[in-house]
Each structure stands twice: as C-alpha cells, then as structure tokens.
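Trainee:
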Amino acid sequence: MPMFINTLKYFGMAQSVIRISTPVDHTQIENFCYILKANIVHEKQYESFHDFKIVVAASIITTIDTSSNNSIVCHQ
1 MPMFINTLKY
11 FGMAQSVIRI
21 STPVDHTQIE
31 NFCYILKANI
41 VHEKQYESFH
51 DFKIVVAASI
61 ITTIDTSSNN
71 SIVCHQ
C-alpha cells in the first residue's frame, strides 16, 4: 500500500476515502457514467478508438457547479 500512496503523491494526487455502505458517496460519478454511456457509448459504432476519444472530448464538457455541492454537469 505505501507504494500506491507514494505513486499518488508523486503525481500530485490524494487517495479518496469512501465510507463503506454509503451509495450516496458515489451518486455524482454514477450519474456522470450513466450520461456518458447513454449519450456516447450505447448503440453507436466508431471507426477507431481515436474517433471515440474525439467524440467524447467534443461531446462532454465537465464543469464544477459550486452551487450544487461540486456536482459534475454534462452538456452535449
């Protein structure tokens, strides 16, 4: 485990601590992933992974909305 923590520190990241059995902690990222899958992944075909990355980058703008508890807002 110390190697993992040191690697995070090296890249300027901090480990997230999530309480056990609290699904509310995951609500924002779960919602983000649902929107991503529904709008970009499901029922779509791409010529290459590069094309997929371009669509993702062009279709999703993530912003921090400080008025609603730092939620992720997605726009298409």
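With the first letter of the sequence shown counted as 1, position 16 gets the number 16 in the UniProt record's numbering; the numbers rise by one all the way through.
The beta-carbon is built from N, C-alpha and C at its ideal position, and this holds for glycine as well.
(1) Straight-line CA distance for VAL41 to HIS26?
(2) Just the Cα atoms here: how many angstroms apart are GLU43 and GLN28?
(3) Terminal residues of the continuous alpha helix (DSSP H) containing ILE29?
Mentor: Answer, in terms of the structure:
(1) On the sequence shown, residue 41 is found 41 positions in, with the first residue counted as 1. On the sequence shown, residue 26 is found 26 positions in, with the first residue counted as 1. About 21 Å.
(2) Sequence index remark: in the sequence shown, residue 43 carries index 43 (1-based). Sequence index remark: in the sequence shown, residue 28 carries index 28 (1-based). Whole-angstrom Cα-Cα distance: 24 Å.
(3) Start at 1 with the first residue of the sequence shown, and residue 29 comes out as number 29. Run containing ILE29: 27-36, per the alpha helix (DSSP H) assignment.
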